[in-house]
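Residue numbers (the numbering used here): 216 to 715. As structure tokens, the structure follows; a few thoughts come after it.
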Amino acid sequence: MVPVIALVGRPNVGKSTLFNQLTRSRDALVADYAGLTRDRKYGEGRLGERDYIVIDTGGLSGDEAGIDSHMADQSLTAIDEADIVLFIVDARAGLTAADEMIADHLRRSHKKVHLVMNKIDGIDEDSAAADFFSIGMGEPLPIAASHSKGVHQLIDLVLEEFPGIEDFDVEPEEPGIKLAIVGRPNVGKSTLVNRMLGEERVVVFDEAGTTRDSIYIPYERFGQRYTLIDTAGVRRRGKVHETVEKFSVIKTLKAMEDSNVVILVLDAREGVVEQDLHMLGFVLDSGRSLVVAVNKWDGMTPDQRDDVKRELDRRLNFVDFARIHFISAMHGTNVGHLYESVEEAYASATGRWSSNQLTRILEDAVATHQPPMVRGHRIKLRYCHMGGTNPPTLIIHGNQIDSVPSAYTRYLENTFRNVLKLMGTPLKISYKGSENPFAERQRMEQAQNAKRRQVERGSEKRRADKMDAKDRARGKPKPLGKVKLAGPNKRKLKNKARTI
Numbered sequence: 216m217v218p219v220i221a222l223v224g225r226p227n228v229g230k231s232t233l234f235n236q237l238t239r240s241r242d243a244l245v246a247d248y249a250g251l252t253r254d255r256k257y258g259e260g261r262l263g264e265r266d267y268i269v270i271d272t273g274g275l276s277g278d279e280a281g282i283d284s285h286m287a288d289q290s291l292t293a294i295d296e297a298d299i300v301l302f303i304v305d306a307r308a309g310l311t312a313a314d315e316m317i318a319d320h321l322r323r324s325h326k327k328v329h330l331v332m333n334k335i336d337g338i339d340e341d342s343a344a345a346d347f348f349s350i351g352m353g354e355p356l357p358i359a360a361s362h363s364k365g366v367h368q369l370i371d372l373v374l375e376e377f378p379g380i381e382d383f384d385v386e387p388e389e390p391g392i393k394l395a396i397v398g399r400p401n402v403g404k405s406t407l408v409n410r411m412l413g414e415e416r417v418v419v420f421d422e423a424g425t426t427r428d429s430i431y432i433p434y435e436r437f438g439q440r441y442t443l444i445d446t447a448g449v450r451r452r453g454k455v456h457e458t459v460e461k462f463s464v465i466k467t468l469k470a471m472e473d474s475n476v477v478i479l480v481l482d483a484r485e486g487v488v489e490q491d492l493h494m495l496g497f498v499l500d501s502g503r504s505l506v507v508a509v510n511k512w513d514g515m516t517p518d519q520r521d522d523v524k525r526e527l528d529r530r531l532n533f534v535d536f537a538r539i540h541f542i543s544a545m546h547g548t549n550v551g552h553l554y555e556s557v558e559e560a561y562a563s564a565t566g567r568w569s570s571n572q573l574t575r576i577l578e579d580a581v582a583t584h585q586p587p588m589v590r591g592h593r594i595k596l597r598y599c600h601m602g603g604t605n606p607p608t609l610i611i612h613g614n615q616i617d618s619v620p621s622a623y624t625r626y627l628e629n630t631f632r633n634v635l636k637l638m639g640t641p642l643k644i645s646y647k648g649s650e651n652p653f654a655e656r657q658r659m660e661q662a663q664n665a666k667r668r669q670v671e672r673g674s675e676k677r678r679a680d681k682m683d684a685k686d687r688a689r690g691k692p693k694p695l696g697k698v699k700l701a702g703p704n705k706r707k708l709k710n711k712a713r714t715i
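So this is what it looks like as structure tokens:
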């Protein structure tokens with residue numbers, strides 16, 4: 216089996232830094248800020264041919280209250296799931312009461328525990344280690360996670376306790392449909408994630424900004440694999456001040472790009488605000504499929520619900536391809552129907568159609584409503600083929616494609632969407648000018664004709680010069696032809712020339 220390693224310890228002892236080192240990634244947010252990690256974060260790592268799974272957890276301080284108690288529950292769950300626990304302590308801070316409390320809990324868990332002393336760079340290791348022998352967890356393993364010092368030796372020592380796993384061939388699992396949950400802070404994203412998973416997987420607390428990092432959660436439902444991505448709430452730019460929150464926003468935007476389908480969560484009690492529209496803009500720019508979930512629908516009066524629906528019709532008319540669900544993440548109302556729209560949107564975004572089928576749809580659309588005339592000539596759209604998926608991109612070839620009006624492009628988008636039954640995904644149409652297959656031959660013929668005319672002109676000049684030479688030899692005067700005269704005596708010179 217693949218061993219599962221949990222990282223536990225006080226806040227700000229370097230657990231997330233070690234997580235990034237063990238997984239060779241930058242998935243976990245890292246900052247000089249206590250309590251940055253709040254949810255369990257899973258990552259995969261490999262040493263040689265040996266695979267392992269790492270769980271990053273929030274810090275345990277021993278006096279958890281409020282949101283800290285929820286973070287502690289996440290850490291305790293990670294300990295239960297793990298095969299080995301790495302108990303991280305701060306060599307610079309020394310032994311604290313919180314360290315003793317964590318050590319006491321780990322002893323009662325009957326898990327295999329390694330005491331890891333982090334931040335040893337620049338200090339005497341022996342003096343720092345002496346302080347931690349009193350908690351009875353053996354000799355501390357010294358590392359400096361931020362500089363990768365001792366990390367390789369640490370994981371090598373941990374994996375020695377799992378003999379034979381280097382011969383265990385693990386087939387990589389497909390991530391399935393990647394599903395990102397996005398929205399403003401405190402609209403119920405984490406509550407929706409837990410409801411969709413059927414467990415308290417992420418921290419939920421009545422405080423804006425509870426989630427600070429993007430949490431990737433793979434799971435399976437009715438034989439279909441998913442990877443659910445819980446993201447941090449995105450506020451208006453003017454309200455984002457902390458550096459940690461700025462990194463959280465970047466992680467959210469990256470999660471959108473990494474997903475197949477985005478569920479945008481709105482707060483029914485607040486309606487559609489400007490930041491919701493900005494988030495929609497991000498989703499459309501990324502080209503990802505979209506499902507809209509209007510949360511906190513429970514407890515609203517019929518009049519209030521009618522007002523919300525009218526506002527949605529008015530302000531979200533530019534994403535009329537997206538399904539809208541009215542849900543209660545807390546009570547689970549209509550949450551199951553989200554999966555139907557997610558799978559429908561994913562199938563539309565990743566579908567493929569033959570050039571023959573797309574061209575027939577284009578020809579029918581043009582026959583029903585022809586493109587406009589431009590400078591006395593009709594725009595001609597000849598054939599269509601696929602240019603990509605997620606989102607579906609169609610490339611149409613024709614003449615005068617730079618003059619196709621945006622209104623006609625929207626007409627074609629609606630036609631393709633209706634015929635192909637696309638739902639939940641944006642559709643992109645691009646144009647490409649059709650090249651004349653005989654253009655190169657015509658250019659060669661024109662060059663040959665020009666060269667032939669040049670040769671003919673040279674031959675005529677040589678014949679004329681030869682005739683002039685014969686006439687002079689017989690005593691005949693050379694014909695004047697056109698005489699170009701200049702100067703003040705121009706008229707006099709022209710009369711003289713006529714008498715010669």
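Heads up, the beta-carbon is just placed ideally off N, CA and C, and yes, glycines get one too.
The C-beta of Phe-234 has 16 or more other C-beta atoms within 10 Å across all chains shown, which makes the residue buried. Annotation: the continuous alpha helix (DSSP H) that includes His-493 extends over 489-501.
The C-beta distance from Val-304 to Gly-391 rounds to 38 Å, too long to meet the 8 Å contact threshold. Residue nearest to Ser-504 within the set Val-557, Asp-528, His-362 and Gly-547 is Val-557 (criterion: CA-CA distance).
It is roughly 43 Å from the alpha-carbon of Gly-351 to the alpha-carbon of Tyr-441.
Positions of the alpha helix (DSSP H) runs, each at least 4 residues long and wholly inside the stretch 280-322, are given as 282-296 in order along the chain. DSSP places Asn-614 in the uninterrupted beta strand (DSSP E) bounded by 608-614. The three-state secondary structure of Pro-433, taken from DSSP, is strand. Exclusion of the five residues before and after Gly-260 leaves Leu-237, Thr-238, Arg-239, Asp-266, Tyr-267, Ile-268, Val-269 and Ile-370 as the residues of its chain whose Cβ lies within less than 8 Å of its Cβ.
Beyond the five residues adjoining it in sequence on each side, Asp-491 comes within less than 8 Å, by CB distance, of Gly-398, Arg-399, Leu-479 and Leu-481 in the same chain, given in chain order. Exclusion of the five residues before and after Tyr-561 leaves Ile-392, Asn-475 and Val-476 as the residues of its chain whose Cβ lies within less than 6 Å of its Cβ. DSSP places Asp-266 in the uninterrupted beta strand (DSSP E) bounded by 265-271.
By the criterion of at least three beta-carbon pairs nearer than 8 Å, the stretch 291-309 is in contact with the stretch 334-350. Per DSSP, the unbroken alpha helix (DSSP H) holding Glu-558 starts and ends at 552-565. A buried status is given to Ser-405, since no fewer than 16 other beta-carbon atoms sit within 10 Å of its beta-carbon. Taking one beta carbon from each stretch, the stretch 494-502 and the stretch 465-473 have 3 or more pairs nearer than 8 Å; the two touch.
Assignment of Met-515 by DSSP, reduced to helix, strand and coil, places it in the coil class.
Look at the beta carbons and you see the stretch 639-647 touching the stretch 530-542: at least three pairs across the two are nearer than 8 Å. Exposed is the label assigned to Gly-547, since fewer than 16 other Cβ atoms lie within 10 Å of its Cβ.
Excluding residues up to 5 positions away in sequence, Tyr-598 and Cys-599 lie with their Cβ nearer than 7 Å to the Cβ of Thr-574 in the same chain. DSSP, reduced to helix, strand and coil, places His-329 within a strand of the structure shown. The beta carbons of Val-408 and Asp-445 sit about 5 Å from each other, so the pair counts as a contact at 8 Å.
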